[in-house]
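Undergrad:
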Amino acid sequence: MSQRATLGLFVAAGLALLAACVQQPGKPIAARAAEAIEANRRAELRFRSGDLEGAVQHYREALRIAQSIEDVEGIAANAINLSIAYQRLGKHAEARASLASVLDHSRLNFPRARLAQAALRRALLDLEQGRHADAAAWLEQAANWCGQQGCTLLAAIRNAEGLLALAEGRTDAAAASARAALEASRGAGNRVEAANAMRLLGNVAIRAGDAAAALAMLAEALAIDRELALPRKIYLDLVGLGRASAQGGERARARAYYERALAVSEADRDAAGAAEARDLIRGLGNIP
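Per the numbering used here, the sequence shown starts with residue 11, numbered consecutively.
(1) Near SER93, what residues of its chain come up, given a Cβ to Cβ distance below 6 Å and the 5 sequence neighbours on each side ignored?
(2) For a cutoff of 9 Å on Cβ pairs, would you count LEU174 as touching chain C?
(3) Please determine, among HIS142, TRP148 and GLY140, the residue with the shortest C-alpha to C-alpha distance to ALA126.
(4) State the DSSP-derived secondary structure class of ASP247, mapped to helix, strand or coil.
(5) Per the contact definition of three or more C-beta pairs closer than 8 Å, is the segment 73-86 in contact with the segment 113-122?
(6) Give every residue of the same chain whose Cβ lies closer than 6 Å to the Cβ of GLY212, excluding the five residues on either side of it in the sequence, and list them in chain order.
(7) Helix, strand or coil for ASP278? Go by DSSP, reduced to three states.
(8) Check for me: the alpha helix (DSSP H) holding ARG131 runs from which residue to which?
(9) For GLY258, which three-state DSSP category applies?
(10) I need the straight-line Cα distance from ALA153 to ASN169, nearest angstrom please.
(11) Kindly list the residues whose CB is nearer than 7 Å to the CB of GLY283, restricted to its own chain and excluding five residues on each side of it in sequence; keep chain order.
(12) Does the beta-carbon distance from ALA95 to ALA53 come in below 9 Å?
(13) When the Cα atoms are used, what is the spatial distance from HIS142 to ASP136?
(14) Report all residues from its chain with a CB closer than 7 Å to the CB of ARG56; omit the five preceding and five following residues, and keep chain order.
(15) Skipping 5 residues on each side, what residues in its chain have a beta carbon closer than 7 Å to that of GLU178?
(16) So the candidates are LEU113, ARG217 and ALA207; which of them puts its Cα closest to the Cα of GLU230?
(17) In or out: ILE297 buried (at least 16 other Cβ within 10 Å) or exposed?
(18) Suppose the cutoff is 7 Å on Cβ atoms and the five residues either side in sequence are ignored; what does the same chain contact list for ALA215 look like?
(19) Once DSSP output is grouped into helix, strand and coil, what is the label at SER59?
(20) Would you give the residue range spanned by the alpha helix (DSSP H) that THR181 belongs to?
(21) From ASP289 to GLU45, what does the alpha carbon distance come to, in whole angstroms?
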């Protein structure tokens, strides 16, 4: 499995953390707060349409407005979303800098849930760049801020811990974390993280050489991600299914999965994903 595909497993999961800037029901909105909400709305529309540069522009504007009125929820939400957009663009330094407005801003009292979100995002950035020790430290901090009772991020943190373990070659630990994430996500009714855990278990099975187990887990993840209409994660599921098929000697089936992944990534305007899918197809060579 390529490093990009492995790390992409949880980058996609991180996108589920897109934080909303919403009005409290029945509460009037001040003009500046309304401007921030509108900028956030425009950013989200551009992000979901694949216009990442446009999303960055509007998230930055929403963050600026939130900072001007010390709206801690707005600052945290837009800083986290901005980091996700930057990460998708491959701008890791900018992604880390956007999180600094939450993680390094001790003058404001951010909710622990937002701090946990930001720490998790920072861990994912470090993991994608191979900074495993830093990623582990931020995951520990995220878990501390999250706590155990009623923490909605618990499954996501367990999935991230599993991804880190897999990146370090600790497959048993990766599987244990994925199972813990699956249990937590099912208990909370969180289908997004349940699919992430299944995908992680599928990739662990690929690493262990168990193509049949990998195909079963990845097929379950794909079914959920298709129901939730999450293009990036559908792409990752298809790539995983292709790898498992190739590992099991079914090259024609692997090509079919890779071609589907290519079609999804092109429709989602994911140039990097499309390039990877083409490389995987070429790597199969000619199939009789």
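All C-beta atoms, glycine included, are put in the ideal place defined by N, C-alpha and C.
TA: On the basis of the coordinates in this document:
(1) ALA105, SER108, LEU109 and ARG131
(2) Reference to chain C is not applicable here, since this structure consists of a single protein chain.
(3) TRP148
(4) helix
(5) yes
(6) ALA224, MET227, LEU228 and GLY250
(7) Note: ASP278 maps to coil in three-state DSSP.
(8) 122-138
(9) coil
(10) 12 Å
(11) TYR245 and SER275
(12) yes
(13) Distance between the alpha carbons of HIS142 and ASP136: 7 Å.
(14) Here the set comprises GLY64, ALA65 and HIS68.
(15) HIS142
(16) Among LEU113, ARG217 and ALA207, the Cα nearest to that of GLU230 belongs to ALA207.
(17) exposed
(18) Within the same chain, ALA223, ALA224 and MET227 come within 7 Å of ALA215 by CB-CB distance, once the 5 residues on both sides are set aside.
(19) coil
(20) Residues 181-198.
(21) Approximately 44 Å between the Cα atoms of the pair.
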